[in-house]
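A.B. asks:
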Amino acid sequence: MSTPITRFSSFAIVLHENTLNTLIDGFRVQAPRIFNYATPDIFAAIIKDIRESTDGVGTLACDLGPIRANAARRRPLPLNSLFTPVQYLPIPGSQGLQGISYIFQVGRIAFDFHPNTAFRIPFQVADQFTEQSLALRLSICMGIACLDKKYLDDFLENIPPPRLPPDKDKPPKDKPKDEPPKDKPKDEPPRDGPPLDEPFPFTNIDCFCLDVVAVGRLKRRPQSREHEPNEEYLCIELTGIEIVDIEPEGMENSLECLLYLVLNFGVLPRLRMMIADLRFGKVPLSVIMSPVSDDLPNNPAVENDRLFVFLDLN
Amino acid sequence: MADFTLALSRNGIKDILVTLADRAAGKVNSDPVPLGTSVSYTVSTSWRFEIGDLFFAPMIELNETDFVLDFHFKFRIEVPKIEVGGQTVCFAKPFGEVSCVTLPVITLYDGGVFEFDIGIDGFRSEIEGAIDFQIVHFKPEESDQLDTTIRFFWENRVSNAFAETPEVSDFFAMAMKQGWELRIIPGWMDFDLIDEPGTIAGQFERELSNAITTWGADLSASDRDALLDLSGDLTTLIEGLLDIHDDHDTWILARISELGIVREVAKILSDRLGFFYLVKLLHEQKFPISEDIPFSEDIPPVRFEISNAALTIEPEELKIEVDIKAPDL
Chain A
23 MSTPITRFSS FAIVLHENTL NTLIDGFRVQ APRIFNYATP DIFAAIIKDI RESTDGVGTL
83 ACDLGPIRAN AARRRPLPLN SLFTPVQYLP IPGSQGLQGI SYIFQVGRIA FDFHPNTAFR
143 IPFQVADQFT EQSLALRLSI CMGIACLDKK YLDDFLENIP PPRLPPDKDK PPKDKPKDEP
203 PKDKPKDEPP RDGPPLDEPF PFTNIDCFCL DVVAVGRLKR RPQSREHEPN EEYLCIELTG
263 IEIVDIEPEG MENSLECLLY LVLNFGVLPR LRMMIADLRF GKVPLSVIMS PVSDDLPNNP
323 AVENDRLFVF LDLN
Chain B
606 MADFTLALSR NGIKDILVTL ADRAAGKVNS DPVPLGTSVS YTVSTSWRFE IGDLFFAPMI
666 ELNETDFVLD FHFKFRIEVP KIEVGGQTVC FAKPFGEVSC VTLPVITLYD GGVFEFDIGI
726 DGFRSEIEGA IDFQIVHFKP EESDQLDTTI RFFWENRVSN AFAETPEVSD FFAMAMKQGW
786 ELRIIPGWMD FDLIDEPGTI AGQFERELSN AITTWGADLS ASDRDALLDL SGDLTTLIEG
846 LLDIHDDHDT WILARISELG IVREVAKILS DRLGFFYLVK LLHEQKFPIS EDIPFSEDIP
906 PVRFEISNAA LTIEPEELKI EVDIKAPDL
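Set out below in structure tokens:
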């Protein structure tokens, strides 16, 4: 007879890493739009590319995996549901309406609860993967569709020229209050180039893919210095991050540091939750997370490839 | 261990039972009930469950759980003014004269209202029983078990109003679908009346006598005796009112409708509940992609299948284990 899971609590929920990965993978395959994003021009180009291809997959997307998986379905999802359209990225410094066309795809996502069994953890962060740790491997692909160089002149010519310098000898003329704003300066010649409010034409997308492995932990921290058991919050903390195989090394380290700081101090703190707010069920049968103790030092606990959450009746 | 495990400790389940028992406790108050012209009473009845010991393995066994009834009677007795004398007495004098004398009026008791309470606490009956749980993968097309439950429902043997309540219609709609059902298998059930009605009647009479002695302390001995005689009559009256007979079980089950349900539940447990589910998880679980994107032909929900489910009862823990897989698309 096995040792009871609930020997130090009333109830317990146990989730194996394989289950979590199955669920995530299920969503990735069945709801690709949650994981794939593209600006409308790239989205339209990918659909055209797929329709014109002989294999129903095409070549334009950075990660062809979700398109291939959809094509293999007995009843494929409509192509317009494969991606979520997103806004163009602004061109820094540009006053124009154009933006950068891009595609962003999240590929495989896998969690590994201590000990390491689900995937290989890079040696750079392996020492961080200690007891009670969890790791996340994320494959992301993204690319920017750059302006085709043959159209460069057309677009450059369409940028409004700089204005004439004001005559320093003339005092500035007071502008009538009710005068409507002028669309164009008088000295600006009419232009025939491509419209400024349409995306740049492109012929290919410059894609790259990265594997990122993050190691972290679930931690209960006291809200105040007087450590009250009911005043703890649950947080996720990143203890290591590795972007696999990018060069030069200094850039890799700098990017990793940037992500490490942004995630630990910008993103993850927003996910913190008070333990008291983590209630499940309805009163009077609602349950809350059991307090930690010498017998139950970790809750949630990450052990034996599983996530354990111990609960008591509220 | 499986993909997903829900473990419930013995103590945790007992906590749930205690919580439910607390919620099930209640109290009702009656309107004043006249007993003749000068006596009336009100009775408040409260009930509660006291959960006993819970044992696991091989079945879940609940022992020594008491159903406790407390009665609280409040009596009001209006005793009229008691006077003697006042009559005119005539007698013949010598020489044929008649003389009449009016006797003085002597007030034996000025009259008044007595109110006193009698509490009969802890009228206990003990419920014990054992149930087992079973997880069954139910496929409507492979099952003939619908006969006893769903057909019962669909053949209009229950009222439409009952059938149309969302909970009931959802329950039966769910029952028709393929899924993993947690079912109750009744083991045994016992219902014992610990306190005998005769004892209760005796207790009632004692309490009533004590109350008269205490509350009627200012009365003369003869008046108290008169009231104590009355208490015997009241006890008989109360017995008659409550219809206390020697057949204890009949009395309790007939008089207290809540307990009548116990019998009915026991019957359902043994006759039908084996085919009912307590909790059901559909074989295929569906999740919307987002709240903004409703299900449609083109964008179906994300689906997962429960490929296996099992339940084990160990001495200190009940475990429900579920395996999940993505469907073959």
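Those sequence lines, one after another, are chains A and B.
Residue numbers for the first sequence, in the working numbering: 23 to 336.
Residue numbers for the second sequence, in the working numbering: 606 to 934.
The C-beta atom is built at its ideal place from N, Cα and C for all residues, glycine as well.
The model shown is predicted, which means the values in this text are computed figures rather than measured ones.
1) Under 8 Å, do residue 85/A and residue 129/A count as touching if we go by C-beta distance?
2) Among 929/B, 719/B and 775/B, which one has its Cα closest to the Cα of residue 686/B?
3) Can you check whether the C-beta of residue 913/B is within less than 8 Å of a C-beta belonging to chain A?
4) Look at the alpha carbon of residue 382/A and the alpha carbon of residue 143/A, and state the distance between them as a whole number of angstroms.
5) Take every Cβ of the region 628-643 of chain B, pair it with every Cβ of the region 72-84 of chain A, and state whether three or more of those distances are shorter than 8 Å.
6) Can you tell me which of the three DSSP states residue 292/A falls into?
7) Return yes when the Cβ of residue 672/B is within less than 8 Å of the Cβ of residue 929/B, no when it is not.
8) Over what stretch of residues does the beta strand (DSSP E) that includes residue 885/B continue unbroken?
9) Could you run through the region 39-52 of chain A and flag, in chain order, every residue whose CB is less than 8 Å away from some CB of chain B?
10) Say whether the region 317-327 of chain A touches the region 150-165 of chain A, bearing in mind that this needs 3 or more beta-carbon pairs closer than 8 Å, one atom from each stretch.
11) Report yes if the C-beta distance between residue 68/A and residue 53/A is below 8 Å; otherwise report no.
12) Between which two residues does the beta strand (DSSP E) harbouring residue 930/B extend?
13) Rounded C-beta distance between residue 33/A and residue 309/A? I'm assuming under 8 Å.
14) In the structure shown, what three-state DSSP assignment does residue 155/A receive?
15) Less than 8 Å between CB atoms is the rule here; does residue 36/A satisfy it with respect to chain B?
16) Looking at the C-beta of residue 731/B, does it have a partner C-beta in chain D at a distance below 8 Å?
17) Starting from the Cα of residue 331/A, find the closest Cα among 37/A, 283/A and 255/A and give me that residue.
18) Three-state secondary structure (DSSP) at residue 643/B?
19) Helix, strand or coil for residue 598/B per DSSP?
20) Within 8 Å (strictly less), CB to CB, does residue 33/A reach chain B?
21) Measure from the C-beta of residue 99/A to each C-beta in chain B and report whether the shortest distance is under 8 Å.
22) In chain B, what lies closer than 7 Å to residue 307/A by C-beta?
23) Below 7 Å on C-beta distance, what does residue 95/A contact in chain B?
24) Could you check whether residue 221/A and residue 127/A sit closer than 8 Å to each other, using their CB atoms as the reference points?
25) Going by beta carbon distance, what residues of the same chain come within less than 7 Å of residue 295/A, once the five residues before and after it are set aside?
26) Near residue 204/A, which residues of its chain fall below 6 Å by C-beta distance, leaving aside the five closest residues on each side in sequence?
27) Helix or strand or just coil, what does DSSP make of residue 856/B?
28) Check the DSSP bridge columns for residue 675/B and list the partner residues they point to.
29) Alpha carbon to alpha carbon, how far is residue 668/B from residue 912/B?
30) Count Cβ pairs between the region 96-103 of chain A and the region 159-176 of chain A that sit closer than 8 Å; are there 3 or more?
31) So with CB distances below 7 Å, who are the chain B contacts of residue 335/A?
32) Measuring CA to CA, which of 660/B, 689/B and 682/B is closest to residue 735/B?
33) Distance check for residue 171/A and residue 934/B, CA to CA, integer angstroms please.
34) From residue 150/A to residue 50/A, what does the alpha carbon distance come to, in whole angstroms?
35) Along chain A, in chain order, which residues have C-beta atoms closer than 9 Å to that of residue 628/B?
36) Please return the same chain residues whose Cβ sits closer than 6 Å to the Cβ of residue 907/B, not counting the five positions on each side in sequence.
C.D. replies: Quick answer:
1) Sequence index remark: in the first sequence, residue 85/A carries index 63 (1-based). Sequence index remark: in the first sequence, residue 129/A carries index 107 (1-based). Yes, Cβ-Cβ distance for residue 85/A and residue 129/A is below 8 Å.
2) The residue given as residue 686/B occupies position 81 in the second sequence. Per the Cα distances, 719/B.
3) Residue numbering aside, residue 913/B sits at position 308 when the second sequence is read from its first letter. It does not: the Cβ of residue 913/B has no partner Cβ on chain A nearer than 8 Å.
4) A question about residue 382/A goes unanswered here, because the residues of chain A that appear run from 23 up to 336.
5) no
6) Residue 292/A sits at position 270 when you count from the first residue of the first sequence. Helix.
7) Residue mapping note: residue 929/B aligns to position 324 of the second sequence, counting from 1. Residue mapping note: residue 672/B aligns to position 67 of the second sequence, counting from 1. No, these two residues do not count as a Cβ contact at 8 Å.
8) Reading the second sequence from its first residue, position 280 is the one you call residue 885/B. 882-887 is the span of the beta strand (DSSP E), which, as asked, contains residue 885/B.
9) 40, 41, 44, 45, 47, 48, 49, 51 and 52
10) yes
11) Start at 1 with the first residue of the first sequence, and residue 68/A comes out as number 46. Start at 1 with the first residue of the first sequence, and residue 53/A comes out as number 31. Result no, Cβ atoms of residue 68/A and residue 53/A do not sit closer than 8 Å.
12) On the second sequence, residue 930/B is found 325 positions in, with the first residue counted as 1. Per DSSP, residue 930/B belongs to the beta strand (DSSP E) from 922-930.
13) Taking the first residue of the first sequence as position 1, residue 33/A is located at position 11. Taking the first residue of the first sequence as position 1, residue 309/A is located at position 287. Right, their Cβ atoms sit about 6 Å apart.
14) Counting from 1 along the first sequence, the entry for residue 155/A is found at position 133. Here residue 155/A sits in strand by DSSP.
15) Working through the first sequence from its first residue, we reach residue 36/A at position 14. Yes, residue 36/A lies at the interface with chain B (some Cβ there is under 8 Å from its Cβ).
16) Considering every chain present, this structure includes no chain D. Its protein chains are A and B.
17) As a first step, residue 331/A must be located in the first sequence, where it is residue number 309. That would be 37/A, whose Cα lies nearest to the Cα of residue 331/A.
18) The residue given as residue 643/B occupies position 38 in the second sequence. In this structure, residue 643/B counts as coil in the three-state DSSP scheme.
19) Since the displayed chain B opens at 606 and closes at 934, residue 598/B lies outside it and no answer follows.
20) Taking the first residue of the first sequence as 1, we reach residue 33/A at position 11. Output row for residue 33/A: interface = yes.
21) Residue numbering aside, residue 99/A sits at position 77 when the first sequence is read from its first letter. Yes, residue 99/A lies at the interface with chain B (some Cβ there is under 8 Å from its Cβ).
22) The residue given as residue 307/A occupies position 285 in the first sequence. By Cβ distance, chain B contributes 621 and 624.
23) Counting from 1 along the first sequence, the entry for residue 95/A is found at position 73. The contacting residues are 934.
24) What you label residue 127/A is simply residue 105 of the first sequence in a count that begins at 1. What you label residue 221/A is simply residue 199 of the first sequence in a count that begins at 1. Not a contact, by the Cβ cut-off of 8 Å.
25) Numbered from its first residue, the first sequence carries residue 295/A at position 273. Counting only Cβ-Cβ distances below 7 Å, and skipping sequence neighbours, we find 255 and 256.
26) Walking along the first sequence from the start, residue 204/A turns up at place 182. Below a pLDDT of 50, predicted positions are generally treated as unreliable, and residue 204/A, at 49, falls in that range; the measurement from the model is reported next regardless. Nothing listed; no residue qualifies.
27) As a working mapping, residue 856/B is identified with position 251 in the second sequence. Confidence at residue 856/B is low in this model, with a pLDDT of 46, below 50, so the placement of that residue should be treated as unreliable; the coordinate-derived value is given next. The answer is helix: DSSP assigns residue 856/B an H, G or I state.
28) Stepping through the second sequence from its first residue, residue 675/B is reached at position 70. Partner(s): 651/B.
29) As a working note, residue 668/B is residue 63 in the second sequence. As a working note, residue 912/B is residue 307 in the second sequence. Each residue's Cα considered, the two are about 36 Å apart.
30) no
31) Stepping through the first sequence from its first residue, residue 335/A is reached at position 313. By Cβ distance, chain B contributes 617, 620, 621 and 624.
32) Position 130 of the second sequence, counted from the first residue, corresponds to residue 735/B. Closest by alpha carbon: 660/B.
33) Position 329 of the second sequence holds residue 934/B. Position 149 of the first sequence holds residue 171/A. The straight-line gap from Cα to Cα measures roughly 43 Å.
34) Within the first sequence, numbered from 1, the residue matching residue 150/A stands at position 128. Within the first sequence, numbered from 1, the residue matching residue 50/A stands at position 28. Roughly 28 Å separates the two Cα atoms.
35) On the second sequence, position 23 is the one that residue 628/B refers to. Result: 306.
36) Within the second sequence, residue 907/B is the residue found at index 302, counting from 1. 892.
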